[in-house]
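Participant:
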Amino acid sequence: MDYQHQFLKGDKQLPVGKVVCIGRNYAEHAKELNNPVPDEPLLFIKPSTAIIPLSQSIVLPQGRGGLHYETELAILIGQRLTHASEAEAGQAIAGVGLALDLTLRDLQSTLKSKGLPWEKAKAFDGSCSLSAFAAPAGLDLTQLEFNLWINDALRQQGNTAQMLLPVTALLAYISEWFTLLPGDVVLTGTPAGVGQLQAGDQLRLQLDQVIQDETRVV
855 MDYQHQFLKG
865 DKQLPVGKVV
875 CIGRNYAEHA
885 KELNNPVPDE
895 PLLFIKPSTA
905 IIPLSQSIVL
915 PQGRGGLHYE
925 TELAILIGQR
935 LTHASEAEAG
945 QAIAGVGLAL
955 DLTLRDLQST
965 LKSKGLPWEK
975 AKAFDGSCSL
985 SAFAAPAGLD
995 LTQLEFNLWI
1005 NDALRQQGNT
1015 AQMLLPVTAL
1025 LAYISEWFTL
1035 LPGDVVLTGT
1045 PAGVGQLQAG
1055 DQLRLQLDQV
1065 IQDETRVV
């Protein structure tokens, strides 16, 4: 699937939109990076050009420092959301998947130390690796488990029950600031266990019994 053209929702096609990301939505991840747990969601955006399918290899950027992985539950939006209620947000979910939010951690730290925006470290081309999306029907979004193995070693293990703000509340909150459109994707935060990728790494991601996908680093 070429994410630069469309998502598939049943037999319908959705345009590929922006990616709205949530920072520090898992307390243990905030602690492992020595960041304070926020009082409200920390939002940032990746453009559609950041998206690549998980089936495509991750290419290590040259001369930009370490590239870190962050495994996240991804939500595909199927209806316009503006100042939405949680019930409306739940009805707007078109798909549930997994994502790797890729971060140039050294660059991010440098930009943060200077008080500068850090989009260059988070929103570069290829910085959002997405699985296919499963239909949300029958899924309990408050109790979804997801895992990441690198070279067959378990590196991240998360459950949406650990989120500081659950999925539908998060979508409703985002819609107060940014209108979400069909084809937009929301990344809901990462659990503890993030780290640096190396050339040759083999990554395997699993969302409950719904999705399993693989990629590699070159």
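One rule links them: number in my numbering = place in the sequence shown (from 1) + 854. Positions of the beta carbon are idealized from the N, C-alpha and C atoms, including for glycine.
Whose CA, out of PHE987, ASP979, GLY932, GLU1030, lies closest to the CA of ALA938?
Facilitator: Out of PHE987, ASP979, GLY932, GLU1030, GLU1030 has the C-alpha closest to the C-alpha of ALA938.
Participant: Looking only at its chain, what residues have a beta carbon closer than 8 Å to the beta carbon of ALA977, apart from the 5 residues adjacent to it on each side?
Facilitator: PHE898, ILE899, LYS900, PRO901, ALA904
Participant: Do LEU914 and ALA1053 count as a contact pair if the criterion is CB distance below 7 Å?
Facilitator: yes
Participant: Take GLU924 as the anchor and find which of THR1042, VAL1064, ASP893 has the nearest alpha-carbon.
Facilitator: THR1042
Participant: How is GLN945 classed by DSSP in three states: helix, strand or coil?
Facilitator: helix
Participant: Candidates GLY951, SER983, ILE912: which alpha carbon is nearest ALA989's?
Facilitator: GLY951
Participant: In angstroms, rounded to a whole number, what distance separates the CA positions of GLY1049 and LEU921?
Facilitator: Their backbone Cα atoms lie some 8 Å apart in a straight line.
Participant: Give me the DSSP bridge partner(s) of GLU926.
Facilitator: Residue pairing for GLU926: DSSP places it in a beta bridge opposite ALA953.
Participant: For GLN858, name the three-state secondary structure that DSSP assigns.
Facilitator: Its pLDDT being 46, under 50, GLN858 is placed unreliably by the model, and the measurement read from it follows with that caveat. If DSSP states are grouped into helix, strand and coil, GLN858 belongs with coil.
Participant: If I'm right that VAL874 touches ILE1028 with Cβ under 8 Å, what's the distance once you round it to whole angstroms?
Facilitator: 6 Å
Participant: I need the DSSP call for SER1029, collapsed to helix, strand or coil.
Facilitator: helix
Participant: Tell me whether the beta-carbon of LEU954 lies closer than 7 Å to the beta-carbon of SER983.
Facilitator: yes
Participant: So the candidates are THR1022, GLN1066, LEU956, SER911; which of them puts its Cα closest to the Cα of GLU942?
Facilitator: THR1022
Participant: Between the alpha carbons of PRO1036 and ALA986, how many angstroms are there, rounded?
Facilitator: Spanning the alpha carbons of PRO1036 and ALA986 requires a straight line of approximately 16 Å.
Participant: Could you give the distance in angstroms between the alpha-carbon of GLN1063 and the alpha-carbon of ALA1015?
Facilitator: 17 Å
Participant: Can you check whether the CB of THR1069 is closer than 7 Å to the CB of LEU1057?
Facilitator: In contact: LEU1057 and THR1069 (Cβ atoms closer than 7 Å).
Participant: Look at GLU912 and ASP1038 and say whether their C-beta atoms are less than 7 Å apart.
Facilitator: Before going further, note that residue 912 is Ile rather than Glu in the sequence given. No.
Participant: Measure the Cβ-Cβ separation of LEU1051 and VAL1071 and say whether it is below 7 Å.
Facilitator: yes
Participant: Nearest CA to the CA of GLY992: which residue from GLY944, ALA1007, ASN1013, GLN1066?
Facilitator: Closest option to GLY992, judged by alpha-carbon separation, among GLY944, ALA1007, ASN1013, GLN1066: GLY944.
Participant: Tell me ALA988's beta-bridge partners as DSSP assigns them.
Facilitator: VAL950
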